[in-house]
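Written out below as structure tokens is the structure these notes cover.
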Amino acid sequence: MNSEQLAYNVLSRITLTWAALTIEARLLIAIALAAIGVAFRSSRRRAQLHRQRELDPIKRVIYNPKQFRHPRQR
Numbered sequence: 001m002n003s004e005q006l007a008y009n010v011l012s013r014i015t016l017t018w019a020a021l022t023i024e025a026r027l028l029i030a031i032a033l034a035a036i037g038v039a040f041r042s043s044r045r046r047a048q049l050h051r052q053r054e055l056d057p058i059k060r061v062i063y064n065p066k067q068f069r070h071p072r073q074r
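Be aware that the sequence shown starts at 1, since it is given in our numbering, and climbs by one per residue.
What follows is the structure in structure tokens.
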């Protein structure tokens, strides 16, 4: 069995399994995949911003979000 035939068999099995699932199960799988994608993208973006901030100390000094907070009132 060559690799093309193997890939076709795997794809056909996935298609048959997907067709056998209920609508609710399909929705749950789709929502889970979307959540994983959003979490992965957010994590990558956060790491990228963290690296940028470390590389540019001037921006870190200029924009300090704590300096814009109002003091707590007692």
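Think of the CB as a built atom: it goes at the ideal place given N, C-alpha and C, for glycine as much as any other residue. From a predicted model like this one, the values you see are computed outputs, not experimental measurements.
- Taken through DSSP and simplified to helix, strand or coil, residue 72 comes out as coil.
- Here residue 2 carries a coil assignment [DSSP, helix/strand/coil].
- Our two residues, residue 46 and residue 33, have alpha carbons roughly 20 Å apart in a direct line.
- Taking residue 6 as the centre and dropping the five residues before and after it, the same chain places no C-beta closer than 7 Å to its C-beta.
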